[in-house]
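Worksheet: the structure to be examined is printed underneath.
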Ligand SMILES: [Zn+2]
Ligand SMILES: [Zn+2]
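Okay, here's the thing in structure tokens:
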């Protein structure tokens, strides 16, 4: 059986840890993971201002070359031991599709190993990073209504599920229900998102789903993304799922799906 960790971050992530990319590969080898895919947050599109206070949601544009070069070096060095690939976690941000498409076209090889995710939604007239912190989520939910946040996320995810970037679209759809990250603390009375429609669109588009195990580590969620009933529905629709840890430090490689 091939074991894959298809969602791994690196020191190029400014909100992660400084550990070298090679440390992640060593950890993967130690844990018997056959394939490791680096998916660093791609630089945010030109003209989009990172809404988080530290402005550290994504890698810097000037680091892209070094990141891809290090991925290629590790791929060669660990050949036959760990299948190392290098892609990006790309944000779907409505209105910024042209710049995002240009980036994917410039990095076609990496695009083929990438994930498309939604972290930013427009709510109350400004952009908001929905997974930044429980406090900021609660504050924003008070301001615009938690229902509104969920709806904005659901709409963005429906669009992402339609593969808006055509032939350069990332093949994997990231943590589709990330909006649930803080739901043990704050949630709408009834979930307004049409998850069945998102799953159907993803299936029609031929996506693989990021079976993201980071949620288990989040105290206000404690499930996988997608959550169990969605996994069942996805499988019924013929969607494939790809395990991922969303590790931002080496010890989290394989976390949640590889026994310690
Ligand atoms: Zn991150
Ligand atoms: Zn990630």
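In the numbering used here, the protein residues as written are 2 to 261.
By construction, the Cβ of each residue, glycine as well, lies at the ideal position given by its N, Cα and C atoms.
- In the DSSP annotation of this structure, the continuous segment of the alpha helix (DSSP H) that includes residue 72 starts and ends at 65-78.
- By the beta-carbon neighbour count (other beta carbons within 10 angstroms, threshold 16), residue 96 is exposed.
- Approximately 5 Å separates the beta-carbon atoms of residue 158 and residue 119; this is inside 8 Å, confirming the contact.
- Note that the stretch 100-107 does not touch the stretch 13-32; fewer than 3 beta-carbon pairs, one per stretch, sit closer than 8 Å.
- Here residue 88 is bridged, per DSSP, to 40.
- Residue 226 is bridged by DSSP to 213.
- Taking a C-beta distance under 8 Å as the contact criterion, residue 65 and residue 254 do not qualify as a contact pair.
- In this chain, the beta strand (DSSP E) harbouring residue 121 covers 121-124.
- Inclusion of residue 41 and residue 11 in the CB contact set at 8 Å is warranted, their separation being smaller than that value.
- Residue 245 is bridged by DSSP to 213.
- With a 10 Å radius around the Cβ and a threshold of 16 neighbouring Cβ atoms, residue 78 comes out exposed.
- Looking at the DSSP output, residue 129 shares a beta bridge with 122.
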